[in-house]
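Quick note: to get this note's numbering, add 11 to the position in the sequence shown (first position is 1). Each remark here refers to the structure printed beneath this line.
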Amino acid sequence: MADQLYLSYWLRGYSPPAMPHYFERVLAAFPFSRLTQAPSLMRVYAVEFAEPALYERMFPSVPEPPALAEVVRQFLNPDCCYELEAAWDLWQGKEDWSLVPARVVIQCRGPEFLSDAGEHIRIFCGIDSLFLPDPAVAASVRFAESNVRSLLKLSHDLDAALPAEKRLLWTESGENFAALLERRLFH
């Protein structure tokens, strides 16, 4: 069964005044879809996700990081989460594979925002099956490998852009994604 795949970062010296800067750096490093025409959606939540969004606005499909950092500045608070729903291009298919826009959610979380893991940056990369070869489909190895390369490049670019103290690639169920990938490739 498909599971959500996340990339989380904990940053050194993280504080509310630095959140606009870090959010802008994440967005500047992110490979937004060049294929989608759909707009991106920026939301600001206070305290927890159970609360209605304080702010919600559509932006162009490839948003301008400085404009979104300005939204963070307007709502700057240690108990807020700044969220951008957008797309990046990943290979998808079963028989006919194609590079298509895939949903991604990028969050910058204030230190007082209710969070299970307490990370500062969380990226919802998509369902794990986009990054795992399907044993029943021989061609899936090549396309899953390309998607994993995109994920590794993103991680490398974020490592260069952020003062990362800790980074974690994980699934919603808590399963170790690297071990899952190894099982699919070698067993």
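Where a beta carbon is used, it is the ideal one built from N, C-alpha and C, also for glycine. Fair warning: this is a prediction, and the values are worked out from it, not measured in the lab.
Collapsed DSSP secondary structure at L165 in the structure displayed: For the purposes of this step, residue 165 is taken as the residue at position 154 of the sequence shown. DSSP places L165 in helix when its eight states are reduced to three.
Considering only the alpha carbon of each residue, which of N158, V55, V83 and C136 lies closest to G104? Mapped onto the sequence shown, residue 104 falls at position 93. Ranking the options by Cα distance to G104, first place goes to N158.
When burial is assigned at 16 or more other CB atoms within 10 Å of the CB, is H167 buried or exposed? Start at 1 with the first residue of the sequence shown, and residue 167 comes out as number 156. With fewer than 16 Cβ atoms within 10 Å of its Cβ, H167 is classed as exposed.
Span of the beta strand (DSSP E), counted from its first residue to its last, around F70: Position 59 of the sequence shown, counted from the start, is the residue given in the question as residue 70. Segment Y66 to F70, the beta strand (DSSP E) holding F70.
P112 burial status per 10 Å Cβ neighbour count (16 or more: buried): The residue given as residue 112 occupies position 101 in the sequence shown. It is buried - the Cβ of P112 has at least 16 other Cβ atoms within 10 Å.
Inter-residue spacing [alpha-carbon to alpha-carbon] between E35 and A80: Numbered from 1 along the sequence shown, position 24 holds the residue referred to as residue 35. Numbered from 1 along the sequence shown, position 69 holds the residue referred to as residue 80. Each residue's Cα considered, the two are about 5 Å apart.
Would you tell me roughly how many angstroms separate the C-alpha atoms of E183 and H32, rounded to the nearest one? The sequence position of residue 183 within the sequence shown is 172, counting from 1. The sequence position of residue 32 within the sequence shown is 21, counting from 1. Whole-angstrom Cα-Cα distance: 28 Å.
CA-to-CA distance, S19 to E193, given in whole angstroms: By one-based count along the sequence shown, residue 193 stands at place 182. By one-based count along the sequence shown, residue 19 stands at place 8. Distance between the alpha carbons of E193 and S19: 21 Å.
With contact counted as at least three CB pairs below 8 Å, one residue from each stretch, are the region 79 to 99 and the region 41 to 59 in contact? yes
Using DSSP with H/G/I as helix, E/B as strand and the rest coil, what is S51? Locating residue 51 in the sequence shown gives position 40, where the first residue counts as 1. Strand, per DSSP.
On the premise that A150 lies in contact with W181, defined as a C-beta separation below 8 Å, what is that separation, rounded to the nearest angstrom? Position 170 of the sequence shown, counted from the first residue, corresponds to residue 181. Position 139 of the sequence shown, counted from the first residue, corresponds to residue 150. Not a contact, Cβ separation roughly 27 Å.
Starting from V115, follow its DSSP beta bridges and name the residues at the other end. Walking along the sequence shown from the start, residue 115 turns up at place 104. V115 is bridged to A97.
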